[in-house]
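**Q** Take this structure, written in structure tokens, and hold onto it; I'll ask about it next.
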Amino acid sequence: MRKLKLIWDFRGPDALKIAEHHEKHLKEYCVIQNTNFNITGFEQRSNIHSVAFMVVTDDEMKPIRDALKPHRGEIYSE
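According to this note's numbering, the sequence shown is numbered sequentially starting from 1.
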């Protein structure tokens, strides 16, 4: 089954702190919704751009996308 990485972008001087905080909510969502993967994280891409992400299956993608409204997505490769 294909894994997809849903991504939320945050920009500005507080982007890293916001992405880190957003990941906490993504972890909570994984527990509440009992998702197939509990893979979440955040990354700093530059000093003014950070992302939070969540890995889901193809089957889970549409309902999670509609509920959480990520900014973009990509195929997840470990």
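The beta carbon of each residue, even a glycine, is placed where N, CA and C say it ideally should be.
Nothing here was measured: the structure is a model prediction, and the numbers come from that model.
Within its chain, find whatever has a CB closer than 6 Å to the CB of Ile39; leave out the 5 residues flanking it on each side and keep chain order.
**A** Translated into positions along the sequence shown, residue 39 becomes position 39. Here the set comprises Val55.
**Q** Beta strand (DSSP E) containing Glu74: first to last residue?
**A** Counting from one through the sequence shown, the residue named residue 74 turns up at place 74. That run of the beta strand (DSSP E) goes 72 to 75.
**Q** From the DSSP output, in three-state form, read off Lys69 for me.
**A** Mapped onto the sequence shown, residue 69 falls at position 69. It is coil, neither helix nor strand.
**Q** Residue range of the beta strand (DSSP E) that Glu43 falls in?
**A** For the purposes of this step, residue 43 is identified with residue 43 of the sequence shown, where counting begins at 1. Run containing Glu43: 40 to 46, per the beta strand (DSSP E) assignment.
**Q** Taking the beta strand (DSSP E) that Thr57 belongs to, which residues open and close that run?
**A** For the purposes of this step, residue 57 is identified with residue 57 of the sequence shown, where counting begins at 1. First-last of the beta strand (DSSP E) with Thr57: 49 to 57.
**Q** Near His22, what residues of its chain come up, given a Cβ to Cβ distance below 8 Å and the 5 sequence neighbours on each side ignored?
**A** For this step, residue 22 is matched to residue 22 along the sequence shown. Taken in chain order, the residues that qualify are Trp8, Phe10, Phe42, Ala52.
**Q** With distance defined between alpha-carbon atoms, name the residue in Val31, Pro63, Ser50, Gly73 nearest to Ala19.
**A** Residue numbering aside, residue 19 sits at position 19 when the sequence shown is read from its first letter. Here the closest residue by C-alpha is Ser50.
**Q** Give the range of the beta strand (DSSP E) segment to which Phe10 is assigned.
**A** Here residue 10 refers to the residue found at position 10 when the sequence shown is read from its first residue. Looking at the DSSP string, the run of the beta strand (DSSP E) that includes Phe10 is 3 to 11.
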